[in-house]
Every structure is written in C-alpha cells, then in structure tokens.
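> Starting off with a structure, shown below.
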Amino acid sequence: MSQKKNSYDLLVIGSGPAGQSAAIQASKLHKRVAIVEKEPRVGGVCAFTGTIPSKTLREAILESVGPARFGGSEWHLTRRPEMSELLDRVRQVMRSEAAVVRDSLARNDIEVIEAEASFKDPRHIVLKEGHGDRIIEADRVLIACGTVAASPPTGPSDGQRILTSDDITRLEELPSSLAVVGGGVIGVEYASIFATAGVQVTLIDRRERLLDFVDREIVDELMHQMRNFDVTFRLGEAVARVELFEEGNRSEVDLELESGKRIVSEAVLFSIGRKPVTEPLHLGHAGVETDAKGRIPVDESFQTSVPGIYAAGDVIGFPALAATSSEQGRIAACRMFGHEVSDFDRVYPYGIYAIPEISMCGDNEEQLTEARVPYEIGVARYRETARGQIMGDDTGMLKMIFHRETRKLLGVHCIGTHATELIHIGQAVIALDGGLDYFLNAVFNYPTLAEVYKIAAHNAANRLRHVRPPRTSGPKPGGDPVLAAEVPENDDPRPLPATRLTERTETTD
Numbered sequence: 002m003s004q005k006k007n008s009y010d011l012l013v014i015g016s017g018p019a020g021q022s023a024a025i026q027a028s029k030l031h032k033r034v035a036i037v038e039k040e041p042r043v044g045g046v047c048a049f050t051g052t053i054p055s056k057t058l059r060e061a062i063l064e065s066v067g068p069a070r071f072g073g074s075e076w077h078l079t080r081r082p083e084m085s086e087l088l089d090r091v092r093q094v095m096r097s098e099a100a101v102v103r104d105s106l107a108r109n110d111i112e113v114i115e116a117e118a119s120f121k122d123p124r125h126i127v128l129k130e131g132h133g134d135r136i137i138e139a140d141r142v143l144i145a146c147g148t149v150a151a152s153p154p155t156g157p158s159d160g161q162r163i164l165t166s167d168d169i170t171r172l173e174e175l176p177s178s179l180a181v182v183g184g185g186v187i188g189v190e191y192a193s194i195f196a197t198a199g200v201q202v203t204l205i206d207r208r209e210r211l212l213d214f215v216d217r218e219i220v221d222e223l224m225h226q227m228r229n230f231d232v233t234f235r236l237g238e239a240v241a242r243v244e245l246f247e248e249g250n251r252s253e254v255d256l257e258l259e260s261g262k263r264i265v266s267e268a269v270l271f272s273i274g275r276k277p278v279t280e281p282l283h284l285g286h287a288g289v290e291t292d293a294k295g296r297i298p299v300d301e302s303f304q305t306s307v308p309g310i311y312a313a314g315d316v317i318g319f320p321a322l323a324a325t326s327s328e329q330g331r332i333a334a335c336r337m338f339g340h341e342v343s344d345f346d347r348v349y350p351y352g353i354y355a356i357p358e359i360s361m362c363g364d365n366e367e368q369l370t371e372a373r374v375p376y377e378i379g380v381a382r383y384r385e386t387a388r389g390q391i392m393g394d395d396t397g398m399l400k401m402i403f404h405r406e407t408r409k410l411l412g413v414h415c416i417g418t419h420a421t422e423l424i425h426i427g428q429a430v431i432a433l434d435g436g437l438d439y440f441l442n443a444v445f446n447y448p449t450l451a452e453v454y455k456i457a458a459h460n461a462a463n464r465l466r467h468v469r470p471p472r473t474s475g476p477k478p479g480g481d482p483v484l485a486a487e488v489p490e491n492d493d494p495r496p497l498p499a500t501r502l503t504e505r506t507e508t509t510d
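Offset between the sequence shown (1-based) and the working numbering: plus 1.
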C-alpha cells in the first residue's frame, strides 16, 4: 500500500456507480484509494441528472395522479401535479442518495477529493482545486467520469423551453405541451412520464421504429399504451429548424420537420444521445485512446490502451446502465490488483423506466433467428393473474423464449407494472442454465405477478407438445417433470401472437 501523502494505489476519477464500486472493492483489498469528483457532491450523473432524478420523478407522478389512474385498459388522469411538489420529492431522494454514497465511501476509508482532474502523464494527475493546483501520483487510475447530454442543435439549452435530460430538475413548471426529439431510452422514458402527468407530448425520431433493440411486440404494446396517454408519434422524421417565439409571458417553440410538418409546443426536450466527459481529462497526455465519439475502448479487464489505466461505466459506451457500470468497476478493481474474479456477465437485465416499464434479459427472437437456433415462445398477460386484476394492470405481459430441443430458457421480455423487478427471476434461471421444466414445477406465491412465469411456461409447453422432451436423469423431488402434453390449454381468449422479429442495435442514449 502506498504511504506517501499524495500517492495512491488507485485514483478514481468520478463518483458514479462505476467509481464507487471500484473504489470500495479496492479498499477491501487493502489499497489506498481516493475518488476525485469535480462536483461538491458525490453520486455522479446517476444520482443528480440521470437515474435517480428520472426514476423518482416517474414514481412521484404515478403517485400524484392517484390510485384510480387505470380504468380497464384506459388511462384516466385524476389530478395534474405541480412541478414544484414533484421536484421536492426528487431533490429529497437525491440528497438521501448522496448521503448514502458518502457514508459508504467513508466507512471504507476512501478519501474524496473535490477537484477537476486531468492527466499530466500516465501516473501523475493534476488536481484543479479551489485554492490552486496540485499533482498527485497513482499506481493505477480508473476513469469513470460519465457522460453529459448532447447539446441541442440550436445551441445550449436554457433549462425552461429548450431542454436536455440534464435540465429536468431545473424546470419551474410543467409545460402544457412538450416535443421530445429522440426516441431512444431517455426520450421514451421522459415522453411517457410527462404524458402521464397530463402534458401533451409529441415524440419525434428519424428512425422508423422506437427502441429497435427491444422485442417488437413489447414496443408495439408500449406505443399503444403511450397513445392512451395522448402521445403523438412522428417516426421517420427529422427536425430541420427550431424557432423560439416569445410574446409577453407566453413563449412557444416552433419545430419544422424535414417533411414540412410543423410542431408547436411550449417546450422541446432534445434527447439525442450522451457524450463522454473525457475532453477535460487531457487523455492524450497519458496516451489513452478514444473513439470518434470520445468513448474509451477497453479490454475484458476494462484496461485501456495504456497499462495501469482503466475505464468503466458510461464513458466506455453501451450498455451504459448504472447496474452494469457498478459491476464493471468492481471487476476492474479486482483485475488491476491481481484478484481473481469472473468475467463480466453478458446475461444482465436491461430496464427501461417508461410508463409502463419494460425489462428484458437474454436473447431476442431476431438474434436467435439469425443464429439459426430453434426456439419457441410462451406468453402470459398480467390480466391472467389475480394480482394483475387487483392492481388494475390488465395490459402487462411477459414473453419467454425457450430452445425447442433442450427447453432451456434463452430470453425473457416483459412490459408492465414491476417489469424491472420481475425480470430477475428469468435472469437467475438463464444464468443457472435452467429451462421450461423449472417453471412448470415451481410454486409461486399467490396472488403475485410472478405467476406470469408459470402461465407463460404452460403456454410454451402447449406449443411444444409435439416436441419430444429431453431425457432426464431421474424424477425431481416432488414428482416427475411435467410434460407438455399434461398441461392445460392457454385460456387466453386472444389469439397467440405470431413470431416477431426485432433488431438489436446500440442505443444512442
């Protein structure tokens, strides 16, 4: 362990999920660790402009519009919330999260330095602090500086009429209408969140379909639900011109699309991607390479092109999730100090916190089709469970994809209330190489949404009844495995969905 005052075994640049996880892991390996954070608070983008604010705003709006928000499959707004009360909740959670992070770092003896960092060379970092500059030395460095929202083509946002996702916590009031430019994850989340609050939303994207890495059937259901919130979609369209008109206390944003259509709204949210905050780091002084978008390429250990310098989190690109960033930071810290650890698990859940929320894990149908893997699906709707009826969510659904021959679970795709919680059951079964028979034999609490797994498994078994099940080494505890021919027919009166194909590409958000 380094003993010099200005020398560390590991210096972490950025205090988001990747930086926190790496610092804590290194500290547990008895290393001297410091985190450099340019903001006067710890937590990074996740805590202050990204995950925590957007998810808290979503929850606050859902609570504010009241328990009677569902009427069958129709949406009823019972009360238009005030932005001030929504942001009070958001800021309270942000403060609490920052306190949790700071306490966690303190308990692990991690020094937090408020400064702006830049490289002098691969082992020396210049810290620009309020009282001047100083240079510190680090045996290893982890870059986890995160990203910022890409600037609108009109120039910097004003935080009230021309917005990026980083500006949401500065909004003084809910606009009566909002144009959202960009149909990636962040754009879709905020479009649905504001629409739920009674804002008239128009979503514009140059692509012909939303979320082209998500199962097509799931996206179709999302769009159907968003239309119930009166969201207007303008897909295959691009913005050609933006003008801001002001008259007295009234202002409007006029968007002209390349097709000639005009959209007038009280505000516009540009969700056109995020860019890494790597320029101020002077990476060239350390020899660290970046791609054309400023992202840092890394190997399986999250080491950059320079030995001893690592990167993790949003700054390295897709999937840019808080959960995956945290795991990347942990693995990087283990690997850099020679501590044996498994590779980054490619089977991870992906959550989209739209209203309704979406989650998925494993392969989708198009990937399996391209790989020529034989598969079958099983589908269940929330309305087939008592809990779904109790909660008033009769539109949620879960789809599971099984190998037609081995019956192993290959993928899970879900939309509806608590989808991001439900997905972990499927994630665990995939990770443990489980399959259809697990769900057919499993007992789930009643009434719960988790029962959709068993219903979907029965649905898949019906489809596979003409396929001979694989041999087993013997009966499982509690009896023989349930065979496809023994399960009841799916009692869903709607026809079973046809096979859907989806395309997986990297998201811009």
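For each residue, glycine too, the CB sits at the ideal point set by N, CA and C.
Among V413, E117, E422, V34, which one has its Cα closest to the Cα of A461?
V413
> Which value, in whole angstroms, describes the spacing of the CA atoms of A19 and A324?
Going by the C-alpha atoms only, they are around 9 Å apart.
> Please name the residue in E422, L128, A381 whose C-alpha comes closest to that of Y351.
Restricting attention to E422, L128, A381, the CA atom closest to the CA of Y351 is found in E422.
> Can you find the residues in the same chain that come closer than 8 Å, C-beta to C-beta, to T305, ignoring five residues on each side of it along the sequence?
I144, V289, E290, I297, P298, V299, Y311, A312
> Roughly how many angstroms separate the alpha carbons of N446 and G237, rounded to a whole number?
Looking at the two C-alpha atoms, the distance is approximately 45 Å.
> Taking the beta strand (DSSP E) that H414 belongs to, which residues open and close that run?
410 to 416
> Which runs of the beta strand (DSSP E) at least 3 residues long sit entirely within the region 169 to 236? Give them in chain order.
178 to 182, 201 to 206, 233 to 236
> Between which two residues does the alpha helix (DSSP H) carrying C362 extend?
Segment 359 to 363 is the beta strand (DSSP E) holding C362; no alpha helix (DSSP H) there.
> Start and end of the beta strand (DSSP E) containing Y351?
If you look at Y351, you'll find it in the beta strand (DSSP E) that goes 351 to 353.
> Distance, Cα to Cα, Q390 vs R384?
6 Å
> What does the alpha-carbon distance come out to for the pair I332 and S343?
Put simply, the backbone Cα of I332 is about 8 Å away from that of S343.
> Have a look at I264 and L256 and give me their C-alpha separation to the nearest angstrom.
5 Å
> Keeping to the same chain, check which residues put their C-beta closer than 7 Å to that of S74; ignore five residues upstream and five downstream.
Residue placement at S74 is poorly supported in this model, since its pLDDT is 48, which falls under 50; the coordinates still yield a value, given next. So the qualifying residues of the chain are D395, T396.
> Suppose you measure from the CA of G51 to the CA of I424; what does that come to, to the nearest Å?
22 Å
> Nearest-angstrom Cα distance between M361 and A432?
14 Å
> Near I194, what residues of its chain come up, given a Cβ to Cβ distance below 7 Å and the 5 sequence neighbours on each side ignored?
L58, R59, I62, I356
> Strictly by DSSP, which residues pair up with F120?
I126
> Give me whichever residues DSSP pairs with T275 in a beta bridge.
Reading off the sequence shown, one finds Arg at residue 275, where the question assumed Thr. Bridge partners of R275: A150.
> For R405, I'd like the list of residues in its chain whose CB is within less than 7 Å of its CB, leaving aside the five on either flank, ordered along the chain.
The beta carbon of R405 lies closer than 7 Å to those of P375, Y376, E377, L465, V468 in the same chain, with the five residues before and after it left out.
> Would you tell me roughly how many angstroms separate the C-alpha atoms of Q26 and D167, rounded to the nearest one?
29 Å
> With A118 and I126 assumed to form a contact (beta carbons below 8 Å), what rounded beta-carbon distance in angstroms separates them?
Contact flag correct, Cβ pair sits at about 5 Å.
> Out of P277, F246, A239, which has the shortest C-alpha to C-alpha gap to G261?
Selected option, being the one with the closest Cα: A239.
> From which residue to which residue does the beta strand (DSSP E) around I402 run?
398 to 404
> When burial is assigned at 16 or more other CB atoms within 10 Å of the CB, is S85 buried or exposed?
exposed
> Can you give me the C-alpha to C-alpha distance between L164 and H419, rounded to a whole angstrom?
29 Å
> Does DSSP put A429 in a helix, in a strand, or in coil?
Three-state result, A429: helix.
> Judging by CA-CA distance, which residue of A116, T148, P123, F49 is the nearest neighbour of S97?
Taking S97 as reference, the option from A116, T148, P123, F49 with the minimal CA-CA separation is F49.
> Got a sec? Which residues, its chain only, sit under 6 Å from A180 by beta carbon, not counting five neighbours each side?
These residues qualify, in order along the chain: T203, L256, I264, S266, V269.
> Quick check on DSSP: helix, strand or coil for S28?
helix
> Is it right to say G17 is buried, meaning 16 or more other beta carbons lie within 10 angstroms of its own, or is it exposed?
Buried.
> So what's R92 in DSSP terms, helix, strand or just coil?
helix
> Please list, in chain order, all residues of the same chain as R242 whose beta carbon is under 7 Å from its beta carbon, the five residues on each side excluded.
E257.
> State buried or exposed for S177, treating a residue as buried only when at least 16 other CB atoms are found within 10 Å of its CB.
exposed
> For G318, which of helix, strand or coil comes out of DSSP?
coil
> Closer than 7 Å by C-beta to M392: which residues in its own chain qualify, once you throw out the five before and the five after it? Chain order, please.
T418
> For D346, does the count of other Cβ atoms within 10 angstroms reach 16, so buried, or fall short, so exposed?
exposed
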